Amino acid sequence: MRRRSASNRTSEASPPADEPPLTHARPPASREEVEGQLERILYAINQLQQLQQRGQYIASTEVSNLRRAFLFAVGEELRYRDTRDECGSTSSSACVSGPTTPSLVAQDPPSKGTTLPTALAVTAATQEEAVCPAEASVPMEAKRNYSPKATAADRLLTALEQYVAENPNSTSFDVRGARFSWRSVIRTPGERRLQSLIISGFIFFTGIPICLVITTLLLLSRYTAPLMVMYLIWMLTFGRPTHPQQKNLFFTRCFLWRYYRDYFPVRLVVPEPVRRRIDKERNYFFVYHPHGIHSFGALVNFGMDRNNASKLLNGITIHLQTLSINFYVPLWRQLSIWMGCGDASASCIRKTLRSGAGQSIMLVVGGAEEALMAKPNRNDLLLFKRKGFIKIALQEGTPLVPVYGFGENNVYGVMDLTNEPWIQCLLRLCKQCVGFVVPLIRGRGFFHFNYGPLPHRSPIVVVVGEPLEVPHIPNPTKEDLDVWQGKYIECLCKLYNDHRGIYDLESTGLRIME
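If you count by the UniProt record's numbering, then the sequence shown holds residues 1 to 514, one letter each, in order.
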């Protein structure tokens, strides 16, 4: 097994000798890093402000995560650790300064009717300013003087904290360590119940069984059995999808998917440099990491297009690639077809990339093996032995675009099977027979939070990286594959490290296992 750490952070633990070390985030070390972090925080704040202005859903965990990222960026490590320990369910109470920590220089909250400056306007107005963390010689009791950019970010965060504190839909009882409480049963708003209902019908662990049960019942009825038999024959013969499939706009624009997205919620970040480099006349090979259990970030953003990914990427069409078995489950197959998905085979990918200008694909390369490694606050990838997508990109001359879903691994827990060899053997046998394996997950239910098939309400932020231009090599050699895989991994690591301080402070860092 090859060893490589994707981050140069300090070690946090002593893993087995054949694994890269666990790492934790470090505060920005220079003025440039601080300013870069504040730019990204202001971008994230601006996204939430736009949602607030449109009256859309904002989760308190999103705001509290940004508050902790802000404290971490400006050098308030003690306050960051305090908020990390105290910030279990709400954001408003987690961001109060302790008596031994300095207070931020911030203006009073705006009164009602006052127009708030947007985060992007603040960024433009303070482009020449940089935040300077306090020197070590400054006593803790002293008040720190932050730049206008940092002060404005703090003020805008305070306004968002007040907004989510006043909105009962924003706060979830699904927090770390929660089990069951009658308070959650009685006081959960109807909108969040609707979110749970929608997502329960359209995830792998419940949706496929529901479709199979409905199919069986229809086959057992003498009134519907002939129609179902005809449907199954058609599905296996003339009804087999031809790729690329066009997205069904009526389906992807259905109002139900808004509740699906807001359950976590799932967000999309496309930095301005990335937008400038995307050409709608070209084709792109998007690669999503990590796989997680269900790849919710890829599904919501690029399958359902619920965060306007196509618009943000200059009008290109992205076809999410999935397991071919999804096209052979009665009723369930229609979801994949209407979302314009492909079957993740090399022939399907090539055909899609050659089908016209702007026709692009997204592949979740980790597969079932990486899904088994998905654990909260971990970012372990299987990438070194995944060279098929590199080969296709070189043969087609298609740019590779790394995409990272921060928080993708946090929505489910996976049972530790280290001491269960017979279960591991059973899972391997299952993968050999059907081509995939169902991880033994630990999710939540409708009224409790420590077990069940539903994912936990944990934010997922998907960030799109800059395209990696690759040459057109019809017959790439092993050396070509190794070279361009190394360059791709460098781009992926840069994407992760640039945004880790905003969206992934609590994790143990990016590790490429094999």
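Glycine included, every Cβ here is placed at the ideal spot set by N, Cα and C. Remember, predicted model here, so these are calculated numbers, not experimental data.
6 Å CB neighbourhood of residue i in its chain, flanking five on each side removed
i      : result
Asn326 : Ser336
Glu191 : Asn169
Ser360 : Asn283, Tyr284, Ile316, Ile318
Gly292 : Ala374, Glu408, Asn409
Gly388 : none
Thr188 : none
Leu312 : Val270
Ala393 : Phe285, Leu400, Val470
Glu62  : Pro459
Asp504 : Phe406
Phe251 : Trp338
Gly113 : A caution first: Gly113 carries a pLDDT of 42, below 50, which makes its placement in the model unreliable, though a value can still be read off. Once the five neighbours on either side are set aside, Gly113 has no close Cβ partner at all.
His499 : Val463
Range covered by the alpha helix (DSSP H) that runs through residue i
i           : result
His499      : 478–503
Leu313      : That residue, Leu313, is in no alpha helix (DSSP H); it is neither H nor E in DSSP.
Arg155      : 148–165
residue 598 : No answer is possible for residue 598: the residues shown for the chain start at 1 and end at 514.
Leu220      : 204–220
Val63       : 60–73
Ala374      : That residue, Ala374, is in no alpha helix (DSSP H); it is neither H nor E in DSSP.
Gln245      : Unbroken run through Gln245: none, as it is neither H nor E.
Glu191      : 190–201
Leu256      : 256–262
Leu227      : 225–236
Lys391      : 388–396
Thr252      : 249–252
Close Cβ partners of residue i (< 7 Å) along its chain, the five nearest in sequence each way excluded
i      : result
Phe204 : His294
Asn301 : Val266, Leu268, Asn307, Ala309, Val462
Gln246 : Gly340
Leu232 : Pro330
Whole-number beta carbon distance between residue j and residue i, since they are thought to touch under 8 Å
i           : j      : result
Ile316      : Tyr284 : 7 Å
Met362      : Gln321 : 7 Å
residue 531 : Leu468 : This structure leaves residue 531 out entirely; the chain is present only between 1 and 514.
Gln381      : Glu370 : The amino acid occupying residue 381 in the given sequence is Leu; Gln does not appear at that position. About 6 Å separates the two Cβ atoms, so the contact holds.
Phe446      : Ser196 : 6 Å
Ile502      : Ala225 : 55 Å between Cβ atoms; not a contact.
Arg444      : Leu454 : 5 Å
Leu440      : Val411 : Not confirmed; about 15 Å, so no contact.
Trp332      : Ile208 : 6 Å
Status (buried if at least 16 other CB within 10 Å, exposed otherwise) for residue i
i           : result
Asp416      : exposed
Glu141      : Confidence in Glu141 is poor, its pLDDT being 34 and thus under 50, which makes the residue's placement too unreliable to answer from.
Met513      : buried
Thr123      : Since pLDDT at Thr123 reaches only 49, below the 50 mark, its modelled position is unreliable, and no value is offered.
Thr398      : buried
Ala260      : It should be noted that the sequence gives Tyr, not Ala, for residue 260. Buried, since its Cβ has 16 or more Cβ neighbours within 10 Å.
Val365      : buried
Ser347      : exposed
Gly342      : buried
Met230      : exposed
Tyr57       : buried
Ala29       : exposed
Lys280      : exposed
residue 515 : The structure shown does not extend to residue 515, since the chain spans only 1 to 514, so no value can be given for it.
Ser507      : buried
Asn8        : Because the pLDDT of Asn8 is 41, which lies under 50, any placement of that residue in the model is unreliable, and the question is left without a value.
Leu156      : buried
Lys149      : buried
Asn419      : exposed
Val34       : buried
Ala44       : buried
Phe264      : buried
Own chain partners of residue i with C-beta closer than 8 Å, once the 5 adjacent residues on each side are dropped
i      : result
Gly465 : Val274, Val401, Pro402, Val403, Tyr404, Cys491, Leu492, Lys494, Leu495
Arg179 : His448, Phe449, Asn450
Pro139 : Unreliable placement is indicated for Pro139, whose pLDDT of 35 sits below 50; the coordinate value is still reported in the next sentence. Around Pro139: no qualifying Cβ.
Ser355 : Pro244
Asp480 : Leu394, Ile473
Pro99  : Only weak support is given to the placement of Pro99: the predicted model assigns it a pLDDT of 28, under 50, and the value that follows is read from those uncertain coordinates. None.
Below-8 Å beta-carbon distance, residue i vs any chain B residue
i      : result
Gly239 : Considering every chain present, this structure includes no chain B. It has just one protein chain.
Opposing strand residues paired with residue i [DSSP bridges]
i           : result
Val403      : Tyr288, Val464
residue 534 : Here the chain comprises residues numbered 1 to 514, so residue 534 is not present and cannot be evaluated.
Ile278      : DSSP, once it has assigned bridges, lists no residue as partnering Ile278.
Leu510      : Asn379
Val437      : According to DSSP, Val437 bridges with nothing at all.
Val414      : Ile441
His456      : Looking at the DSSP assignment, His456 forms no beta bridge with any residue, so it has no partner.
Gly342      : Gln321
For residue i, the first and last residue of its enclosing beta strand (DSSP E)
i      : result
Leu381 : 379–381
Ser360 : 359–364
Val266 : 266–269
Closer than 7 Å: residue i CB and nearest the ligand ZN heavy atom
i      : result
Phe286 : As for the ligand ZN, it is missing from this structure, which has no ligand bound.
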